[in-house]
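J.: Protein chains in written order, with the numbering used here: chain A, 1 to 359; chain B, 360 to 718; chain C, 719 to 1077; chain D, 1078 to 1436.
Glycine included, every Cβ here is placed at the ideal spot set by N, Cα and C.
There are 4 protein chains.
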Amino acid sequence: MAASGGSPVRVGIIGATGYVGGEMIRLLRAHPAVELVGLTGRDRKGDPIGSVHPHLASTGLRLDTDLGADVDAVFLALPHGAAATRVPEFLGRGITVIDQGPDFRLRNAADYPRWYGFEHPHPELLDRAAFGLPEMHRDALLSAGAARAAGTPALVGSPGCYPTATILALAPLARAGLIADVVVDAKSGVSGAGREAKAEMLFAEVNESVRAYGIFSHRHTAEMEQELGALARGTGTEAALAGIDFLPHLIPMTRGILTACHVRPTRPVNQAELDDLYAEAYDGEPFVTVVDAPPATGHVLGSNHARVHVRVDPRTGRILAIGVIDNLVKGAAGQGVQAFNLVFGLPETAGLEALPLAP
Amino acid sequence: MAASGGSPVRVGIIGATGYVGGEMIRLLRAHPAVELVGLTGRDRKGDPIGSVHPHLASTGLRLDTDLGADVDAVFLALPHGAAATRVPEFLGRGITVIDQGPDFRLRNAADYPRWYGFEHPHPELLDRAAFGLPEMHRDALLSAGAARAAGTPALVGSPGCYPTATILALAPLARAGLIADVVVDAKSGVSGAGREAKAEMLFAEVNESVRAYGIFSHRHTAEMEQELGALARGTGTEAALAGIDFLPHLIPMTRGILTACHVRPTRPVNQAELDDLYAEAYDGEPFVTVVDAPPATGHVLGSNHARVHVRVDPRTGRILAIGVIDNLVKGAAGQGVQAFNLVFGLPETAGLEALPLAP
Amino acid sequence: MAASGGSPVRVGIIGATGYVGGEMIRLLRAHPAVELVGLTGRDRKGDPIGSVHPHLASTGLRLDTDLGADVDAVFLALPHGAAATRVPEFLGRGITVIDQGPDFRLRNAADYPRWYGFEHPHPELLDRAAFGLPEMHRDALLSAGAARAAGTPALVGSPGCYPTATILALAPLARAGLIADVVVDAKSGVSGAGREAKAEMLFAEVNESVRAYGIFSHRHTAEMEQELGALARGTGTEAALAGIDFLPHLIPMTRGILTACHVRPTRPVNQAELDDLYAEAYDGEPFVTVVDAPPATGHVLGSNHARVHVRVDPRTGRILAIGVIDNLVKGAAGQGVQAFNLVFGLPETAGLEALPLAP
Amino acid sequence: MAASGGSPVRVGIIGATGYVGGEMIRLLRAHPAVELVGLTGRDRKGDPIGSVHPHLASTGLRLDTDLGADVDAVFLALPHGAAATRVPEFLGRGITVIDQGPDFRLRNAADYPRWYGFEHPHPELLDRAAFGLPEMHRDALLSAGAARAAGTPALVGSPGCYPTATILALAPLARAGLIADVVVDAKSGVSGAGREAKAEMLFAEVNESVRAYGIFSHRHTAEMEQELGALARGTGTEAALAGIDFLPHLIPMTRGILTACHVRPTRPVNQAELDDLYAEAYDGEPFVTVVDAPPATGHVLGSNHARVHVRVDPRTGRILAIGVIDNLVKGAAGQGVQAFNLVFGLPETAGLEALPLAP
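Structure representation (C-alpha cells):
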C-alpha cells in the first residue's frame, strides 16, 4: 500500500487506448507521486503507446498484456457496464479503483436499467462508492482515503463531463433552495463521443454544423438529478430537481463543455446575494473560479480548471448560471486524478498544476 | 415601377461590402427577375466587387458611387440607426425599401431607445413597415405589394437571424396559447457578427471555444417578444412572452443558427397534438420543414430553408422546439429576397431555389 | 436517346450515398435539362434520400433498387475497380457513362496494377474513354457527343480532384515546354477521403492538425504525369513530367483543394510572358479564372470555378503556379456535369451557374 | 546575477499581451527556476493578466508599468524593429536579452533593409547575438552563458517559427552537402499572425479556406538561407541554399506548422543513409524526434517537441523532409525558454517537460 510521502503510488490504466485513457497517461506521467505500471487496451498488447497515441510517443511506454501484480490503484476508462463486472476483482486484490465510467456514479440501482439499459451486477457496491466530485464530496473521498490507508481499497465513481460542469454551476443555488425550475442547455466538443469510428463523427459531418442530441434521454441527466437533488434536500425544492430539462449539443470543436443553466428562482434574488453564495461555495477551491465576465471553454483548455459565472436578470428575475470545463480534464481524467489525490493523501492539485492552453 | 411579368425589377444594395451585402449579391445575381443596378459601400466607389468579395469576382460587378436614378427597390444592409435616417428619402423617390437591419422591425418606438440606445428619427414609419417574415406576415407583405403596384412604395423590416429561427420554432405553440414559460438558448456561427476587424472575432480567439454573450441584453429579444406576443394575443399567455429568457452563444463555425426553445406548457400536451399543430402551421410552406430527427444547421447551409423539430418529454411534460437556419440566408439576405418577391408579385421562391450545401 | 433541345436527359447515379453522389444530386436536381431517374446506393433501396443526405430531403427523391429501363446516362461514383466491371453493360445498353472514379482516366493499362493494384478488366475501353477535363479535352468530349448522337454511347473518365487543380495550374507551362522540374505540393479538405467511418477522419483527429499523406505513392500522380506529359509532347520536357514530385496534405477543412506547383523553368521567363501564356490558355473559359492576387479555396466554395495564379520570382527565376478548386464540384461532381453537358450538346455551364458561397 | 542552483532567475517579459507573450507567461510561470518579475504591454499597466489573457487569470499576475530594478533576463516579444532600439539599454544594465523577434537573428546587417525594410540601428550587436536554435547553436549559447556568468549579459536572437521547423528538417541534408535544390512548402495555423485585429484574420475569413501568402517575399526566408547556408559551408552546395523557394500557407487552425521540404539531392541516396544522417543529428536531442510515420502538427500541440520525417523516393530519387512544431512553443516561446536555460546553466528541458495535448 503506497504511502503519500515515500515511494510512488503504482497505478494502472484499463482502457488506455481511448481519448480518456490517453489523457490519463498525459496527466499521470507528469504526476510527481505516481508510477505508471500497467496500461491495457484492446488488442494492442506490447505495442508502443505512440502507435495509439502519437502525441505520447516520447514517454516510451508500451501497452501491456495485463496489470501485473503490484498495483495500488487502477483507473478504468471503459464502456458503461464493463467496469461493473470487473471492479470486485480489483477490490478483492486490494486495488483502489477510480472508475471514469458511469457504473458507480448512481446510488439507486434502479437507475441503471432505467437510464443505461443494464441491470447492475453489483448493486451492493453502489453505496460503498464515493462520487468523485471533490468540490461536493471531499469528505467522502478523504474518508475513503482513510479507509484505504487502513487496508480497505477505495472505490470512486468519477462523474460525467456534463454533470461536472452543471453541478458546479448550480450547486450554490440548489443548496440554498433557490431552484424552482431549471433548464440545462449544454454545448460540447466531440471528444466526449470517444474515439470509435462513427460516420456521424467524421470531420466533414461535424464541421460547420451544430445539432442537439440525446433529447430527453441523455444518461447524464440521472447524475445531475441525483447530486443536485441531494444538495437541495430539506429545502422543499427537491421536486424541481427531479425533472431537469437537460439538452446537450454537439458543436464543431474537439474539447470543452459549456452548460448554460437557466433558473427560475423560488424567490427574488439580487446579484450581491448570488455573489456571496458563490464566493462561499468556491473561495479556496483550487480548480473552481467564479468569474465576472462570461467564461469561454477556451479559457480552461487542457487544464483541470472550471469557471462558473452567475447572473440575475433584473428585467425578468431569472438566474443564469454558466459552467465551463475541458471535458477530458475536469470532465474526466483530471477529475479522476483530483479524487485519486484525495484518496491517496496527496496534495489535491498534484499533477494538475498546468495552466490552460490558449489560443 | 417594375411589373412582375415583363422587365426585371431594378434593385440596388446599400451596404454591399459586408457579409449580408455579399450574400444579397450572390442571391440577387441569380434571381431571374432582378437586375442589379447599384451597389454602394463605404469608400469603395468604382472598385470591382471582387476586391471586396473575391468569391463574386466573376460577376464583373463594380461598387457604385450612388444608386442612380432608376431604381425600383433597395436592400439596406446598414448598422442600426443608419437606415432610419435614409429611408424617407428612398420612399419619397418611390423606391421600395427592404431594410435588413433592425430600424423598422419594432412597432413600439420606445423599444429603440430601450434596446438599441437611439431615438428613432421616424417613428411615424414604424406602423407602415411590414415585418418581413413571410411565414407569419404573408398577407401584410402582399398588401404592401398591392399598394406598391398602386404607386406607394413598400417598406419592409426584415427580421433578425435569431428571431427568425426562434419565431418559426415557437409560433405554433404561441398561437395555441401553450407557452407558460420559455427559455430560448441559441447557438450561432460568427458571420452574424459582421466583417469588421475585432480582436475577439479573430480565428485564434473563436476556434476551439464556445461562449455565451449578450447575456440578458441581446437586442433581438425585443423582436421575439413583439412577434410571439402578437401571436399569443387573446390566449392569456401574453405575459409569459413578455419576458423571454434569451441567451445566444458564439460557436466556432461561420454560418448557421440553432435555437433550442425550452417550453413549459400551460397544460399537458402529447406528441400527436404537437405534430398536428406544426403540420397545420407549415404544410405547404416552401421554406419551412418540420422534421422528425433533430436538425443540424449543416442541413440548411447556404439555403433559405428552415427546419423545425418539436418534441414533448413524456417524463417531465416539457416541450422542446428547435429551429435551424443559415443566418445569412433565411436569417438575412434570403429572407429579404423572399419578402421582396411577395412585394413585387413574383413567385415566393424566385432566386431561392438552391439546395443546401453539404458536407 | 435524349435530344439536347426537347425532352430532358434521363440520368441515373450509381453510388448516390457518398459525398460525390450527394453532390451529383445537388447539381443535377437543379440542372435545367436533366431528369433524375435512378439513384442507387448500398443497401438503401427505397429509403428517402433525406435519410442519407439530410440536406437533400426537400427533393423528395428516394434511393432506387436499380436504374430502370429508360436511362440516357449514368454517373458512377464508385470505389476504384468497381466501375471497370460494370461499364460494359451500361455501354451495351446504349447508356452513356460518366465515371467519377479512376477506372477510365489512364490510357496505359499497365498503370492500373502499378498505381491502383488491380488488373484492368477492360483495357480495350481505355482508348475509347475521354478524359473529362473540358479545358484540355473539349474536342474529344464533343466528338464523343457527336458519336453518342449517332448511336454510340460515350464513356468519360472524369479526372481526380488533385489532377484537376494541378493540370489547370500547370498546363500553359507544360504546353510551352517551360517545366524543367516541378514540385506539386497540395492541400485538401477531408471530404475527398469519402464518407466511410475511419477513426483517422474523426473530427477530433483532423481538427487543429495538418499532415502529409500518400507520400510518393498517391494514385493521382499517374493522371498528372499522363496529362501534363501529353501537353508537353514534342517540347523536350517530357522527362521532367514523368517523375512529378507530388505531395498531398490533409488540412482541417471540409472542402477545397489548393495545389502549389513549384516550377524550375527551362529558360528565364518574365511575368508578362506568363501572363500572356495564361491569358491565351484561359480567356473565354467559363470556369477558369486567372487571378492576380493569391487565390483561396474559400473563393470557389460550392462552385465549379477554378482559379489559377502564376508568378515568377525575380530573385530566383522560379515559377509558382497555384490552382484552387472545390474538390467536390470542379474536382468531382461539377466537372462530371460539365463533361456531360458537352457530350449531350448542352450549354457547357448548364446546371453549374451557382456562384461560390462565402464566407 | 542569478546562479543556476540557488535563488530563481528574475525574468521580465516585454510585450506580454500578444500570443507569444501569453505563451511565455504560461511556460515561465511553471518554470522551476524562474521568478516572473515584470510583465509589460501596451497601455495595460496595472491590469490583471486575466483581462488580457483570460486563461492565465489564476496566476494572479498583473501587467506592470516597467520592469523594475532587479531583473536578470528579459524576453522581448515585440514587432520587428522595436527590439533593436531597446536592447542596448538592457545590456547596459547587465540584463540578458532573449529577443523573440527578428532583430538579432540575421548576421548580415544588409539583410534588414532588404527583407525587413529598416536599417538596423545597432549592427555592431549582430555578431554578438547567438542564434537561439539550441540544436544547431548549443555551443554558442553555452558560451554566451559562460560570459554571462562572468558578467557580460547575453543576447539571443530566437529564431522564427518557419525557420525552426525547416532548419530542423533540412539540417542533416545541408550539412552533408546533399541539397542540390530545395522547395520549402509550409503550412501554418493563424496564431503566428498575432493578435492584432485584422479583417483577413477573422474566423469567418480563415475558416474552411486555405491560401498561400508572402509569395517570394516572406521574411523568414533570410534566416533559412543564412542558417542552412552556414551548415552547408564547404560542401559546394552553398549556392543552392542561397535561393530557397519558400512558400507559406495559412490554414484553418490556430497552432502548428508543418514544413514539407522537397529536395533534389546532389547524388543518389538511399533510405538507410538518410536514417543514419538523421539519427546522428538528433539522437539524444530532448526535443527533436525522427519519426517513421508522417508526423502531424497535432502530435506536438502545446509542447516544445519537434518531429522530423525524411524519405527518399525510389521512383524519382528525390528526398522529402518534413518538420512539425507548435509555432508558439518550439517556434517561439518554448524555444526562447530552451535557449534561456542554456544561457543560465539550467537543465535544457526545465519548464518544457509538458507532453503534447491531444486530441
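At what residue ranges does the segment 733-795 of chain C contain a whole run of the beta strand (DSSP E), taking only runs of 3 or more?
T.: You should have 752-758, 791-794.
J.: The beta strand (DSSP E) spanning D:K1176 covers which residue range?
T.: Checking the sequence, you will find Asp at residue 1176 of chain D rather than Lys. Its beta strand (DSSP E) spans residues 1173-1176.
J.: Within 10 angstroms of the Cβ of C:Q1053, are there 16 or more other Cβ atoms? Answer buried if so, exposed if not.
T.: Counting Cβ neighbours within 10 Å, C:Q1053 comes out buried, since at least 16 surround it.
J.: Return helix, strand or coil for C:V1026, following the three-state DSSP convention.
T.: Strand.
J.: With 8 Å set as the bound, which would you pick, yes or no: does the beta-carbon of B:D608 sit closer than that to a beta-carbon of chain C?
T.: Note on identity: in this sequence residue 608 of chain B is His, with Asp being the wrong assignment. No, no contact with chain C.
J.: If you run the structure through DSSP and keep just helix, strand and coil, what is C:R846?
T.: Coil.
J.: If you drop the 5 nearest sequence neighbours on each side, which residues of the same chain put their C-beta closer than 7 Å to that of B:L714?
T.: So the qualifying residues of the chain are S662.
J.: I think A:R42 touches A:V343, with their Cβ atoms under 8 Å apart; what is that distance to the nearest whole Å?
T.: About 27 Å separates the two Cβ atoms, so there is no contact after all.
J.: Tell me the residue span of the beta strand (DSSP E) that contains A:I257.
T.: Here the beta strand (DSSP E) through A:I257 covers 257-265.
J.: May I ask you to report which of helix, strand or coil DSSP gives D:M1078?
T.: Because the pLDDT of D:M1078 is 38, which lies under 50, any placement of that residue in the model is unreliable, and the number read from its coordinates should be weighed accordingly. Coil.
J.: Can D:D1262 and D:R1341 be called in contact, C-beta distance under 8 Å?
T.: No, the pair does not count as a contact, with Cβ atoms beyond the cut-off.
J.: Between the segment 236-249 of chain A and the segment 209-226 of chain A, are three or more C-beta pairs nearer than 8 Å?
T.: Contact holds: three or more Cβ-Cβ distances are below 8 Å.
J.: If the cut is a Cβ gap below 8 Å, which residues of chain A does B:P653 touch?
T.: Residues of chain A passing the Cβ test: R211, A212, Y213, I215.
J.: Identify the continuous beta strand (DSSP E) that holds B:G516 and give its terminal residues.
T.: It spans 514-516 - the beta strand (DSSP E) in which B:G516 sits, taken as one unbroken run.
J.: Any Cβ of chain C within less than 8 Å of the Cβ of D:D1330?
T.: It should be noted that the sequence gives Met, not Asp, for residue 1330 of chain D. Yes - at least one Cβ of chain C is within 8 Å of the one on D:M1330.
J.: Taking C-beta pairs closer than 9 Å, name the residues in chain C that B:R388 reaches, listed in chain order.
T.: In chain order: L1073.
J.: Tell me the residue span of the alpha helix (DSSP H) that contains B:H479.
T.: Per DSSP, B:H479 belongs to no alpha helix (DSSP H) and is neither H nor E.
J.: According to the Cβ coordinates, are C:G764 and C:L779 closer than 8 Å?
T.: Against a cut-off of 8 Å, the Cβ pair of C:L779 and C:G764 comes out as no contact.
J.: If we call anything under 8 Å between Cβ atoms a contact, is B:H414 one with C:H1017?
T.: Against a cut-off of 8 Å, the Cβ pair of C:H1017 and B:H414 comes out as a contact.
J.: If you draw a straight line from the C-alpha of C:L843 to the C-alpha of C:H749, how long is it?
T.: About 29 Å.
J.: When we look at the beta-carbon of D:R1395 and count the other beta-carbons within 10 Å, is it buried (16 or more) or exposed?
T.: Under this definition D:R1395 is a buried residue.
J.: In the DSSP output, which residue or residues are listed as bridge partners for D:I1256?
T.: Answer is D:P1342, bridged to D:I1256.
J.: Which chain D residues are close to C:I1040, counting only those with a beta carbon under 7 Å from its beta carbon?
T.: Here the neighbours are A1289.
J.: Whose Cβ in chain B lies nearer than 8 Å to the Cβ of D:S1268?
T.: The answer, in chain order, is A563.
J.: For A:H137, which option in A:V329, A:E353, A:D70, A:F340 has the closest C-alpha, if you only look at C-alpha atoms?
T.: Closest by alpha carbon: A:F340.
J.: Name, going along the chain, the residues of the segment 407-427 of chain B whose beta-carbon falls closer than 8 Å to a beta-carbon of chain C.
T.: Against chain C - using a Cβ distance shorter than 8 Å - the residues of the segment 407-427 of chain B are H412, P413, H414, L415, A416, S417, T418.
J.: Quick one: what's got a C-beta closer than 6 Å to D:R1272's C-beta in the same chain, skipping five residues either side?
T.: Excluding sequence neighbours, D:R1272 sits near G1095, Y1096.
J.: Helix, strand or coil for D:P1424 per DSSP?
T.: Here D:P1424 sits in coil by DSSP.
J.: Which residues, in order along the segment 470-489 of chain B, keep a beta-carbon less than 9 Å from a beta-carbon of chain C?
T.: So nothing in the stretch comes that close.
J.: Counting only beta-carbon atoms, is A:R195 nearer than 8 Å to chain G?
T.: You won't find chain G in this structure, because its protein chains are A, B, C and D.
J.: So what does DSSP say about C:D857, is it helix, strand or coil?
T.: Residue state, collapsed to three classes: helix.
J.: Give, in chain order, every unbroken run of the beta strand (DSSP E) that is at least 3 residues long and sits entirely within the segment 1278-1356 of chain D.
T.: As far as the segment 1278-1356 of chain D is concerned, its whole beta strand (DSSP E) runs of at least 3 residues are 1322-1327, 1334-1342.
J.: Would C:I732 pass as a contact of C:V792 if the rule is Cβ separation under 8 Å?
T.: For C:I732 and C:V792, yes; Cβs fall inside 8 Å.
J.: Express the C-alpha separation of A:L320 and C:G907 in angstroms, rounding to a whole number.
T.: Straight-line Cα distance between these residues: approximately 39 Å.
J.: Taking C:A1024 and C:I1040 to be in contact with their CB atoms under 8 Å, please state how far apart those CB atoms are, rounded to whole angstroms.
T.: Not quite, the Cβ-Cβ distance comes to about 11 Å (not below 8 Å), so this is no contact.
J.: If we count the other Cβ atoms within 10 Å of its Cβ and call it buried at 16 or more, is B:P438 buried or exposed?
T.: Label assigned to B:P438: exposed.
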